[in-house]
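Written below as structure tokens is the structure these notes are about.
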Amino acid sequence: MIGHTIAIQNGKEHLPVYITDRMVGHKLGEFVPTLNFRGHAKSDNRSRR
Numbered sequence: 008m009i010g011h012t013i014a015i016q017n018g019k020e021h022l023p024v025y026i027t028d029r030m031v032g033h034k035l036g037e038f039v040p041t042l043n044f045r046g047h048a049k050s051d052n053r054s055r056r
């Protein structure tokens, strides 16, 4: 399986992952991001005054 591209489910869609020799021994889900970080909530300091 080394050298192949496999589609891995991330919970929402299938993402292609290219398998390398360094990935052997790991679970495939470790190489697919499952959460999208959209940033921290902006704090409006003017409204606190």
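Residue numbering for the sequence shown follows this note's numbering, starting at 8 and increasing by one per position. Where a beta carbon is used, it is the ideal one built from N, C-alpha and C, also for glycine.
Under 6 Å Cβ to Cβ from residue i, same chain only, skipping five residues before and after it: list those, please.
i, result
"Asn17", "Val39, Thr41"
Roughly how many angstroms separate the alpha carbons of residue i and residue j, rounded to a whole number?
i, j, result
"Tyr25", "Thr12", "4 Å"
"Gly36", "His47", "25 Å"
"Asp28", "Lys34", "13 Å"
Excluding five sequence neighbours on each side, which residues of the same chain lie with their C-beta closer than 7 Å to the C-beta of residue i?
i, result
"His21", "Ala14, Ile15"
Looking only at its chain, what residues have a beta carbon closer than 8 Å to the beta carbon of residue i, apart from the 5 residues adjacent to it on each side?
i, result
"Arg8", "Inspection of the sequence shows that residue 8 is occupied by Met rather than by Arg. Same-chain partners within the cutoff: Ile26."
Quick check on the DSSP output: the beta strand (DSSP E) that includes residue i runs from which residue to which?
i, result
"Met23", "According to the sequence as given, residue 23 is Pro; it is not Met. 21–25 is the extent of the beta strand (DSSP E) around Pro23."
"Ala14", "12–16"
With DSSP as the reference, label residue i as helix, strand or coil.
i, result
"Asn52", "helix"
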